[in-house]
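Engineer:
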Amino acid sequence: VNATGTAPALLLQLQPSSPDDAISGAAERSLAWPPSPADEGYSIHLNTLHTVISSRSPQGVLYGAFELLRRLRREDPGALAGGGEVVRSAPSAPLRHWDLWDNLDGSVERGYAGPWQHRFDVAAARSSVVYPLGQQRDEQRAHDLARLLASVGINGIGWSNVNACDHGNQHLLSSRNIASMRALVALFYSYGIHSFLTPCFDSPQIVGGLFTSNPQVPEVKAWWAKKIEEVAGAFGDAFRGLVFKGNTEGQPGPGSHGMSQLQGANFFAELLEEVGAICIWRAFSHPEGGVDQALYQFQRFENWDGEARWNVALKIKNGPYDFQVREPVHSLFGHLSNTSLILEFQAAQEYFGHAKHLVALPSQWSSYLGFDLSSRFPPYNVQTLAQVASGGIGRMPFSGIAAVSNIGTSRNWTGHVFSAVNTYGFGRLAWTPTTPAADIMREWVEVTFPRSSSYAVSVLTRMLQRSWEVYENYTSSLGWGFACAANHYDLDDMDRRRHTDHRASATHIGYPRNAGGGYASTYNAKVAARFQSIEQCPEELLLSFHQVPYTHRLRTKNNSTVLEWIYRSHMSGVNAAEGFVTDWLAIEGHVDLGSYPGDAFVDITTRLEIGASDAAAFAKSIREYFETLTGCGLRDGRLQCHAQ
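The numbers in full-length UniProt numbering rise by one with no breaks, and the one at position 342 of the sequence shown is 342.
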């Protein structure tokens, strides 16, 4: 009750975006397509009498409501007192997409948030919220997931694994499966979330019983057209397109029938245009033989500008490798200016210690989003990755930002409680890519542990802020890339990797991509010159572009040699990981874990201890590898070598 003795009111206001909307009733409109950041924006007027949330669209009002709740949760003085403050916000990226890698057999590829076994190894076969094998879907859980994603501004979802021809996924387009998903799709649409399906390229044979899946065969084209009509009829306006991964990692695609990736994308885009939907094509692919993966991906897709249909979007990972600890920003983002591009991150910790290690990824993502790709179009001199993902100079309509999901059946959603910062942080960065990662992390701590002491909030925020660099230090230094084993966790595969990735020898290390025709040359001129120069190349990426002797001195690492830094950084990383355990134990009783079931403090402690223990094992493996390879080791802080 306020000073006037009346109860303050919360008013939700839908503003018409045009006179026609005012006449017809804006509330009756379907969600805007292509997504309209202006329509999704909102304003919140705070005063002592009432709070008004206004938007042009129902989903904008919903986003505003979540922002108000976020402020109340953090005990924001303006939200609590209401002093005439006006909050206005609108998303930058048109598409803000959440990629489930759930399989129809109930498992989740790269899923680390399901029932856990020894040392928190996840029983992946029981991780899927969407496809609980042999059980009825938990509708309340699905409802909670829709609300969770909407609360951080997600407006699109891919319902299954991009490896679409395995684990039962090849039957995704059966009429039975389509019908079973209808209510789920409608539920998510009610939260402003558009739906995308990821079918197997060979569906005409597997589902349709045809003799071939060759798109050039008329019967195949007719089958796809009919199936797309069936999906659109079942899902209505919620259906917005198909996602394909073709001819890589064992998946079939247009190349299986003598067609290019571009021809495959345009084939589906033509059919999808009939129902107002789009084709999203993944650019990630592995070469055969000794070809540089980074250069191969660029060359495979560099000619799409002006050739891809208007309703094609190319989804590109943040870097050319595979969600590694640190990569250069993918050069395709600076090359393609007339194609809708979707930037893909990975919230799932595939290469970041699964859900055992503490790694807050907003720091990494923010560093990529702020990277200047350098525009090729005067008078524009600067074009950051964030600007490209928001539509670029040409404001491409289906550009956006996506993340591979880290959500599963774990009661806390993400396995490791701290992994939820990656879900939250992705949504916040997809909405406003320029938000400082440090602000996002502190905000997450405050909304997740709302009644914690200021001391605990500071400790937790500092742990999160340091965690990416700490993990990098005890795994992969100076941008050398892959170092992990086949399980994408342990670091015991350096020797096999050296032929394709870090190129380490007894005297040198690094992949020479700086020469003419190498990957560095695929960037726009200013960026290429920086990467090609050993003096100007960021030392965090030195080994991604240059092969250097171990004696090369690092200007930003206290003049350490490369080999000294490898040893010292790994020791530093282990010490910091052990420090996380100490810091966490020090705030017991000061951190509010009331929102989490069971003994969350013990669960978090155990995971931090596993992270520290395995960090030591990783560092030991790396140290022993380089000592054997080079004949040099660090003794009492000094590099000592023996004759080989």
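The C-beta atom is built at its ideal place from N, Cα and C for all residues, glycine as well.
Judging by CA-CA distance, which residue of GLY209, CYS200 and THR475 is the nearest neighbour of GLY250?
Structural biologist: For the purposes of this step, residue 250 is identified with residue 250 of the sequence shown, where counting begins at 1. Taking only the C-alpha atoms, the option nearest GLY250 is CYS200.
Engineer: Comparing alpha-carbon positions, which option in PRO37, PHE426 and GLY319 lies nearest GLY192?
Structural biologist: Numbered from its first residue, the sequence shown carries residue 192 at position 192. Per the Cα distances, PRO37.
Engineer: Closer than 6 angstroms by C-beta to ALA520: which residues in its own chain qualify, once you throw out the five before and the five after it? Chain order, please.
Structural biologist: Counted from its first residue, the sequence shown places residue 520 at position 520. Excluding sequence neighbours, ALA520 sits near ARG513, ASN514, ALA528, PHE531, GLN532 and PHE545.
Engineer: Three-state secondary structure (DSSP) at ILE316?
Structural biologist: Translated into the one-based positions of the sequence shown, residue 316 becomes position 316. In this structure, ILE316 counts as strand in the three-state DSSP scheme.
Engineer: Could you please give the first and the last residue of the uninterrupted alpha helix (DSSP H) stretch that includes TRP365?
Structural biologist: Here residue 365 is taken as the residue at index 365 of the sequence shown, counted from 1. 362-369 is the extent of the alpha helix (DSSP H) around TRP365.
Engineer: Rounded to whole angstroms, what is the Cα-Cα separation between SER285 and PRO450?
Structural biologist: Looking up residue 285 in the sequence shown gives position 285. Looking up residue 450 in the sequence shown gives position 450. Distance between the alpha carbons of SER285 and PRO450: 43 angstroms.
Engineer: Could you tell me which of ARG282, GLU229, VAL220 and ALA234 sits nearest to VAL243, measuring between CA atoms?
Structural biologist: Counting from 1 along the sequence shown, the entry for residue 243 is found at position 243. Of the candidates ARG282, GLU229, VAL220 and ALA234, the residue whose Cα lies closest to the Cα of VAL243 is ARG282.
Engineer: Whole angstroms is fine: what's the gap from VAL562's alpha carbon to HIS508's?
Structural biologist: In the sequence shown, the residue the question calls residue 562 occupies position 562. In the sequence shown, the residue the question calls residue 508 occupies position 508. Between VAL562 and HIS508, the C-alpha separation is close to 9 angstroms.
Engineer: Give the list of continuous beta strand (DSSP E) stretches no shorter than 3 residues that lie fully inside the region 244-298.
Structural biologist: 278-282
Engineer: Check this for me: beta carbons of LEU314 and TRP304, under 8 angstroms apart or not?
Structural biologist: The count along the sequence shown starts at 1 and reaches residue 314 at position 314. The count along the sequence shown starts at 1 and reaches residue 304 at position 304. Against a cut-off of 8 angstroms, the Cβ pair of TRP304 and LEU314 comes out as a contact.
Engineer: What are the uninterrupted segments assigned as alpha helix (DSSP H) that are 4 or more residues long and contained completely in the region 547-596, given in chain order?
Structural biologist: 562-586
Engineer: Taking the beta carbon of TYR455 as the centre, do at least 16 other beta carbons fall within 10 Å, making it buried, or is it exposed?
Structural biologist: Translated into the one-based positions of the sequence shown, residue 455 becomes position 455. TYR455 comes out exposed.
Engineer: Would you mind giving the Cβ-Cβ distance between SER30 and ASP237, rounded to the nearest angstrom? I have them listed as a contact below 8 angstroms.
Structural biologist: Position 30 of the sequence shown holds residue 30. Position 237 of the sequence shown holds residue 237. Indeed, because the Cβ distance is near 4 angstroms, the residues count as touching under 8 angstroms.
Engineer: Can you find the residues in the same chain that come closer than 6 angstroms, C-beta to C-beta, to SER174, ignoring five residues on each side of it along the sequence?
Structural biologist: In the sequence shown, the residue the question calls residue 174 occupies position 174. Here the set comprises VAL207.
Engineer: The beta strand (DSSP E) with HIS194 in it runs from where to where?
Structural biologist: Along the sequence shown, read from residue 1 onward, the residue named residue 194 stands at position 194. Note, HIS194: beta strand (DSSP E), 194-197.
Engineer: Between which two residues does the beta strand (DSSP E) containing VAL130 stretch?
Structural biologist: Counting from one through the sequence shown, the residue named residue 130 turns up at place 130. Note, VAL130: premise wrong, no beta strand (DSSP E); not H, not E.
Engineer: If we count Cβ pairs, one from each stretch, closer than 8 angstroms, do we get three or more for the region 413-428 versus the region 144-155?
Structural biologist: Enough Cβ pairs lie closer than 8 angstroms, so yes.
Engineer: Going by Cα to Cα distance, which pick from ALA348, SER375, ASN311 and PHE323 is closest to LEU336?
Structural biologist: The sequence position of residue 336 within the sequence shown is 336, counting from 1. Ranking the options by Cα distance to LEU336, first place goes to SER375.
Engineer: Express the C-alpha separation of VAL329 and LEU634 in angstroms, rounding to a whole number.
Structural biologist: Taking the sequence shown and counting its residues from 1, the one referred to as residue 634 is at position 634. Taking the sequence shown and counting its residues from 1, the one referred to as residue 329 is at position 329. Their Cα atoms are separated by approximately 33 angstroms.
Engineer: Name the two residues that bound the continuous alpha helix (DSSP H) containing LEU100.
Structural biologist: Counting from one through the sequence shown, the residue named residue 100 turns up at place 100. Neither: LEU100 is in no alpha helix (DSSP H) and is coded neither H nor E.
Engineer: In this structure, does DSSP put HIS45 in helix, strand or coil?
Structural biologist: Looking up residue 45 in the sequence shown gives position 45. DSSP places HIS45 in the strand class (E or B) of the three-state scheme.
Engineer: Please report the straight-line C-alpha distance between ALA27 and SER54, rounded to a whole angstrom.
Structural biologist: To locate residue 27, count along the sequence shown from 1; it is residue 27. To locate residue 54, count along the sequence shown from 1; it is residue 54. Low confidence applies to ALA27: its pLDDT is 45, below 50, so where it sits in the model is not reliable enough to give any reading.
Engineer: Let me know if ASP202 comes out buried or exposed under the rule of 16 or more other beta-carbons within 10 Å of its beta-carbon.
Structural biologist: Numbered from 1 along the sequence shown, position 202 holds the residue referred to as residue 202. Buried, since its Cβ has 16 or more Cβ neighbours within 10 Å.
Engineer: Which term fits HIS97, buried or exposed, when burial requires 16 or more other beta carbons within 10 angstroms of its beta carbon?
Structural biologist: Along the sequence shown, one-based indexing puts residue 97 at 97. It is buried - the Cβ of HIS97 has at least 16 other Cβ atoms within 10 Å.
Engineer: On the premise that GLU350 lies in contact with ARG496, defined as a C-beta separation below 8 angstroms, what is that separation, rounded to the nearest angstrom?
Structural biologist: By one-based count along the sequence shown, residue 496 stands at place 496. By one-based count along the sequence shown, residue 350 stands at place 350. Cβ atoms of ARG496 and GLU350 stay farther apart than 8 angstroms, at about 19 angstroms.
Engineer: Would DSSP call ARG638 helix, strand or coil?
Structural biologist: Start at 1 with the first residue of the sequence shown, and residue 638 comes out as number 638. Three-state DSSP puts ARG638 in a strand.
Engineer: Suppose only complete runs of 3+ residues qualify. What are the beta strand (DSSP E) ranges in the region 380-452, listed by chain order?
Structural biologist: With a minimum length of 3 residues, the continuous beta strand (DSSP E) runs that stay inside the region 380-452 are 400-404.
Engineer: Report the rounded CA-to-CA distance for GLU230 versus VAL275, giving the unit in angstroms.
Structural biologist: Taking the first residue of the sequence shown as position 1, residue 230 is located at position 230. Taking the first residue of the sequence shown as position 1, residue 275 is located at position 275. The straight-line gap from Cα to Cα measures roughly 10 angstroms.
Engineer: With a CB to CB cut of under 7 angstroms and the five nearest residues on each side skipped, what residues in its chain are close to ALA438?
Structural biologist: In the sequence shown, residue 438 corresponds to position 438, counting from 1. Only GLN465 meet the Cβ criterion.
Engineer: Among the candidates MET181, TRP565 and GLY258, whose CA atom is the shortest distance from the CA of ARG137?
Structural biologist: Position 137 of the sequence shown holds residue 137. The option with the nearest alpha carbon to ARG137 is MET181.
Engineer: Could you pull out every residue in the same chain whose Cβ sits closer than 7 angstroms to the Cβ of TYR567, ignoring the five residues on either side in sequence?
Structural biologist: Counted from its first residue, the sequence shown places residue 567 at position 567. The answer, listed in chain order, is ARG623 and LEU634.
Engineer: Pick from GLU307, GLN170 and GLY84: whose alpha carbon is nearest that of HIS45?
Structural biologist: Within the sequence shown, numbered from 1, the residue matching residue 45 stands at position 45. Ranking GLU307, GLN170 and GLY84 by Cα distance to HIS45 puts GLY84 first.
Engineer: Taking C-alpha atoms, which residue in PHE352, LYS526 and ARG395 lies nearest to HIS488?
Structural biologist: Reading the sequence shown from its first residue, position 488 is the one you call residue 488. The shortest Cα separation from HIS488 among PHE352, LYS526 and ARG395 belongs to PHE352.
Engineer: In the DSSP assignment, find the alpha helix (DSSP H) that holds HIS335 and state where it starts and stops.
Structural biologist: Within the sequence shown, numbered from 1, the residue matching residue 335 stands at position 335. 332-335 is the span of the alpha helix (DSSP H), which, as asked, contains HIS335.
Engineer: So what does SER55 bridge to, in DSSP terms?
Structural biologist: Walking along the sequence shown from the start, residue 55 turns up at place 55. LEU14 and TYR42, per the DSSP bridge assignment.
Engineer: Have a look at LEU608 and SER467 and give me their C-alpha separation to the nearest angstrom.
Structural biologist: Walking along the sequence shown from the start, residue 608 turns up at place 608. Walking along the sequence shown from the start, residue 467 turns up at place 467. Answer to the nearest angstrom: the Cα atoms are 11 angstroms apart.
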